[in-house]
């Protein structure tokens with residue numbers, strides 16, 4: 007029995023938590039996309055958001071809503087890609103997962119920076135609400151990045167390239183002159 011067979015491998019142990027996250031994240035992101043699309047329609051059509059002088063008017067609202075929607079769609083696509091890589095046990099998964107975690111932190115930080123810089127009126131949101139997702143992303147990254155870098159289970163699980171179907175090799179022969 008080799009050393010790698012005696013060590014933990016497969017999607018189990020603590021690796022179940024990222025697996026659950028990769029299953030639930032597309033659902034959460036789909037809801038966020040729906041909500042952000044609704045906000046985009048609202049901020050581009052409602053007079054309270056489009057008329058200068060109104061309490062909720064800001065010239066950058068529509069751009070911010072569009073950028074938020076676009077980033078959520080990108081995260082949704084990236085999450086589906088990661089889930090595919092995860093469940094096919096791709097050797098590329100650990101580094102892609104780390105990049106995804108860092109991208110989530112960067113997007114959360116950028117979101118806060120844009121909101122604070124532009125002074126958007128955040129209806130029904132406190133500063134704590136604004137920072138909550140960033141803190142969650144930082145804590146998750148602090149836990150899972152080292153796990154994906156140093157875990158024996160991760161190293162032993164994500165080793166095989168996904169199986170791809172290949173067409174059988176067909177011998178090609180040139181037709182003889184008399185076969186024309």
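Numbering (this note's numbering), first residue to last: 7 to 186.
Virtual Cβ for every residue (Gly too), placed ideally from N, Cα, C.
Just so you know, these numbers come straight off a predicted model, no measurement behind them.
- Of all alpha-carbon atoms in 61, 49, 39, the one lying nearest the alpha-carbon of residue 82 is that of 39.
- Between residue 86 and residue 32, the C-beta spacing is below 7 Å.
- The continuous stretches of alpha helix (DSSP H) do not include residue 61, and DSSP gives it neither H nor E.
- At the C-beta level, residue 143 and residue 114 come within 7 Å of one another.
- Taking a cut-off of 8 Å on C-beta distances, the region 143 to 161 touches the region 100 to 119, as three or more cross pairs fall below it.
- Looking at 17, 58, 74, 162, the one whose alpha-carbon comes closest to that of residue 35 is 74.
- Membership of residue 15 in any alpha helix (DSSP H) is not indicated, and neither H nor E is assigned to it by DSSP.
- For residue 157, there is no enclosing alpha helix (DSSP H), as DSSP marks it with neither H nor E.
- Minimum Cα-Cα distance from residue 78 among the listed residues 147, 146, 46 corresponds to 46.
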